[in-house]
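If you want the numbering used here, it's the 1-based position in the sequence shown plus 10.
Heads up, the beta-carbon is just placed ideally off N, CA and C, and yes, glycines get one too.
Report on the following structure.
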Amino acid sequence: MTTSIDLVPRLALAAVLTLASHCARAEVATEPVPPTPVAADLLLGKALYDRHCSQCHGEDGKGDGPAADFVYPRPRDFSTAVFKVRSTKSGQLPTDHDLFKIISNGLPGTSMPAWAKYLTEAERWQLVHYVKT
């Protein structure tokens with residue numbers, strides 16, 4: 011016969027195991043770790059920029075590409091170093107992660123598309139590093 015004293019350790023063990031199983035399944039949201047850029051990344055980033063970004067943002071990133079007059083709002087001019095979407099304080103440059111998120115997810119309400127479906131993670135980081143040059 012099991013007494014109530016015998017049940018206490020079993021119930022405690024069951025509670026601990028249940029809690030542990032729920033904790034083990036919890037996912038932790040982490041930011042992707044940006045790779046350290048090397049010269050080859052900048053060259054690849056430039057090639058990607060020329061192919062996918064320059065039509066709107068322009069050859070020199072001034073927001074004056076051939077398609078710029080046909081989109082609203084106009085594309086961002088990177089040369090002014092003014093960015094509206096960032097996690098940093100006003101007047102500060104966005105973080106690498108801010109740029110990565112914009113390239114990956116696009117900007118709703120603008121013509122900035124989400125590139126996550128079309129470019130690999132490595133290619134999106136190459137664009138981040140190139141845009142910062």
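*Have a look at S97 and M122 and give me their C-alpha separation to the nearest angstrom.*
Here the question's residue 97 lines up with position 87 in the sequence shown. Here the question's residue 122 lines up with position 112 in the sequence shown. Between S97 and M122, the C-alpha separation is close to 18 Å.
*Would N115 count as contacting chain C if we go by Cβ distances under 8 Å?*
Judged by its chain identifiers, the structure shown contains no chain C, having just a single protein chain.
*So is V138 buried or exposed if we call it buried at 16+ other beta carbons inside 10 Å?*
Position 128 of the sequence shown, counted from the start, is the residue given in the question as residue 138. Per the 10 Å Cβ criterion, buried.
*Grab me the residues of F110's own chain with a C-beta within less than 8 Å of its C-beta, minus the 5 sequence neighbours each way, in chain order.*
Here residue 110 refers to the residue found at position 100 when the sequence shown is read from its first residue. These residues qualify, in order along the chain: P42, P44, R134, W135 and V138.
*Compute the Euclidean distance between the alpha carbons of R86 and G71, then round it to the nearest angstrom.*
To locate residue 86, count along the sequence shown from 1; it is residue 76. To locate residue 71, count along the sequence shown from 1; it is residue 61. Distance between the alpha carbons of R86 and G71: 8 Å.
*Residue from A57, Y128 and L103 whose Cα sits closest to the Cα of V92*: Translated into the one-based positions of the sequence shown, residue 92 becomes position 82. The shortest Cα separation from V92 among A57, Y128 and L103 belongs to L103.
_Spatial neighbours of A126 within its chain, please: C-beta separation below 6 Å, excluding the five flanking residues on both sides._
Here the question's residue 126 lines up with position 116 in the sequence shown. Around A126: S114.
*Would you call D51 buried or exposed, if buried means 16 or more other Cβ atoms sit within 10 Å of its Cβ?*
Translated into the one-based positions of the sequence shown, residue 51 becomes position 41. It is buried - the Cβ of D51 has at least 16 other Cβ atoms within 10 Å.
*Go through its chain and collect everything with a Cβ distance to T144's Cβ below 8 Å, but skip five positions before and after it.*
This structure cannot settle anything about residue 144, because the visible part of the chain is limited to 11 through 143.
*asked:* So, under 8 Å CB-CB, Y59 and Y140 are touching, yes? Tell me the CB distance rounded to an integer number of Å.
replied: By one-based count along the sequence shown, residue 59 stands at place 49. By one-based count along the sequence shown, residue 140 stands at place 130. With a Cβ gap of about 5 Å, Y59 and Y140 count as contacting.
*Pull up the distance between the alpha-carbon of G73 and that of A124, whole angstroms please.*
Within the sequence shown, numbered from 1, the residue matching residue 73 stands at position 63. Within the sequence shown, numbered from 1, the residue matching residue 124 stands at position 114. Here the C-alpha atom of G73 lies approximately 18 Å from the C-alpha atom of A124.
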